[in-house]
Amino acid sequence: MLQALVLAVAQALSPATADFIEDATARLLAGEELAADFPVRLQALPPDQRLLAIVHLRRAGYLSDVVMPVDWILSPASPPEVAE
């Protein structure tokens, strides 16, 4: 049953969200903090994907002392920044 749930969640992740989660997991295993730009990267995700990423981060032990307003979590994705 648990494997089916994990598979369903994994299939629900967009490539950008999967990349974000993989980076956070690699940093956790290396004993590092999240990248300094993690709020910007989270804001670039659609709200449903952002929420999934936040849940993963909290379960991994990150963001335990960070308060994120619901309005920010559910706000539309910001357009990606273009490097000039």
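Following our numbering, the numbering of the sequence shown begins with 2 at its first residue and continues without gaps.
We put the CB at the ideal spot given by N, CA and C, even for glycine.
>> Please report the distance separating the alpha-carbon of I22 from that of L64.
In response: When rounded, the distance between both Cα atoms is 14 Å.
>> Just verifying my parser: in three-state terms, what is the DSSP assignment at P40?
In response: P40 falls in the helix class under three-state DSSP.
>> Does D66 come out as helix, strand or coil in the three-state DSSP assignment?
In response: Coil at D66, not helix or strand.
>> So, for L61: in the same chain, excluding its five sequence neighbours on each side, which residues have a beta-carbon less than 8 Å away from its beta-carbon?
In response: Sequence check: residue 61 is Ala here, not Leu. Once the five neighbours on either side are set aside, the close Cβ partners of A61 are A25, T26, L29.
> Under the rule that 16 or more other beta-carbon atoms within 10 Å means buried, what is R59, buried or exposed?
Replying inline: Here R59 is exposed. Its C-beta has fewer than 16 other C-beta atoms within 10 Å.
> Cβ atoms of A36 and A78: under 7 Å apart, would you say?
Replying inline: By the CB criterion at 7 Å, A78 and A36 fall outside the cutoff.
> Which residue from G32, A54, P40 puts its Cα closest to that of P16?
Replying inline: Looking at the Cα atoms, A54 is the closest of the given residues.
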